[in-house]
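First comes the structure, then the notes that go with it.
Listed below in C-alpha cells is the structure:
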C-alpha cells in the first residue's frame, strides 16, 4: 500500500518530504492531547513535543516555495487507544498549491480508486455537512439551539451529551455527529462530507459565499473516519486569533497548556500559497483495505505490546 501511494504521488510530480517529529510547539487544538519530553544539553533544558501531525512544518515548507508535497510519517496523540486508535500511528499528509477543495476531493477519489481496486467501491459520495446532519437528525447544524439539542439528546437516549457539551456548539456537533450520523456514512463507497460549521473551523478558510461554514472535508468509509482536509487558511491574523481562542478553550477545560507555533505564523506572514491539503490515517486505511475490524489487526506492536 505504501508503495502504491508513493507511486501515485511521484506520477503526479508531488515531492516526498520529511519534517521533524519533535517540535518546540505543541499546537493548540483542544480536541487533541500531546506527548511532551525535555531536551537536555547542559545548560540547555527545553520542552519538546511529539507532533500530532506534520501539518505546521509542511506549511513552512510550502511558504518557502516547496511546491506540491506529501509525507508518510509517524504521528502521536496522547490518550487515544481503542478499536480505531493507537497513540502512535502512521499518517499520510499532502498539500497541493493551486487546488481548491473540489480539486482536492477529486484527487482523494483518484487515490482511493487505486487503493481499493479489488473492493469494487461504488461512486464516491459528496454531501455537505449541513445536508447529511439534517438528514439523520432533523437538526440544522448551522443554527445552534441549546434547548433543541437537549431535547434531541433526551429523545435519542443520549442524556450524557447535556453535561458533556453544555453550551459548546462544537462539542454538541461532534457528539451528535459521531453517534447519530457517522455510522451511516460510506457504506460500500467513499463518502466526502464538506463545508463544516464555522465553529469547527480548525485550519480551514471561511467559505467566501457563506460565513457560517468553512471549507473543510472529512473522509468516511464503512462508518470509519479516515481523514480530514482543508482549503487552507492563509490569513495570519485569523490564524493567530483561532490559536488564541483554542488556547483559551484548553484553559477553560483544564487541559495541559499549549505552545503556539510562532514559526508557522511567521510562515503565514511571509506568504503561504493558495493550497488545499489533507491528512489520512494509514493504519485505518490498511484496516479497511484488508477487511479487518480493528486497528490492532494491522499493527505489529500496538501500544500495550510496544
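In the numbering used here, the protein residues as written are 4 to 309. Think of the CB as a built atom: it goes at the ideal place given N, C-alpha and C, for glycine as much as any other residue.
Could you give the DSSP three-state label for residue i: helix, strand or coil?
i, result
"residue 63", "helix"
"residue 205", "coil"
"residue 13", "helix"
"residue 192", "strand"
"residue 21", "coil"
"residue 95", "strand"
"residue 103", "coil"
"residue 210", "strand"
"residue 135", "helix"
"residue 122", "coil"
"residue 117", "helix"
"residue 185", "helix"
"residue 109", "helix"
"residue 140", "helix"
Residue i bridges to which residues according to DSSP?
i, result
"residue 302", "Residue 302 is not bridged to any residue."
"residue 222", "195, 230"
"residue 129", "195"
"residue 42", "49"
"residue 216", "200"
"residue 26", "52"
Does the Cβ of residue i have 16 or more other Cβ atoms within 10 Å, making it buried, or fewer, making it exposed?
i, result
"residue 77", "exposed"
"residue 283", "buried"
"residue 126", "exposed"
"residue 175", "buried"
"residue 89", "buried"
"residue 190", "exposed"
"residue 216", "buried"
"residue 181", "exposed"
"residue 144", "buried"
"residue 99", "buried"
I'd like to confirm something about residue i: is its beta-carbon nearer than 7 Å to some heavy atom of the ligand MN, or not?
i, result
"residue 241", "This structure lacks the ligand MN, and indeed carries no ligand of any kind."
Would you call the CB atoms of residue i and residue j closer than 8 Å?
i, j, result
"residue 108", "residue 56", "no"
"residue 43", "residue 270", "no"
"residue 87", "residue 301", "no"
"residue 277", "residue 237", "yes"
"residue 257", "residue 30", "no"
"residue 293", "residue 104", "no"
"residue 27", "residue 51", "yes"
"residue 11", "residue 53", "no"
"residue 173", "residue 203", "yes"
Of all Cβ atoms in chain C, is any one closer than 8 Å to the Cβ of residue i?
i, result
"residue 161", "The structure shown contains no chain C; it is built from a single protein chain."
Only counting runs of 4 or more residues, tell me where the alpha helix (DSSP H) segments fall wholly within the segment 226-298, in order along the chain. 239-255, 265-274, 285-292
Could you pull out every unbroken beta strand (DSSP E) segment of at least 3 residues lying fully inside the segment 45-93, listed in chain order? 47-53, 72-79
Please give me, in chain order, every unbroken run of the alpha helix (DSSP H) with length at least 4 that falls completely inside the segment 150-183. 163-168, 172-179
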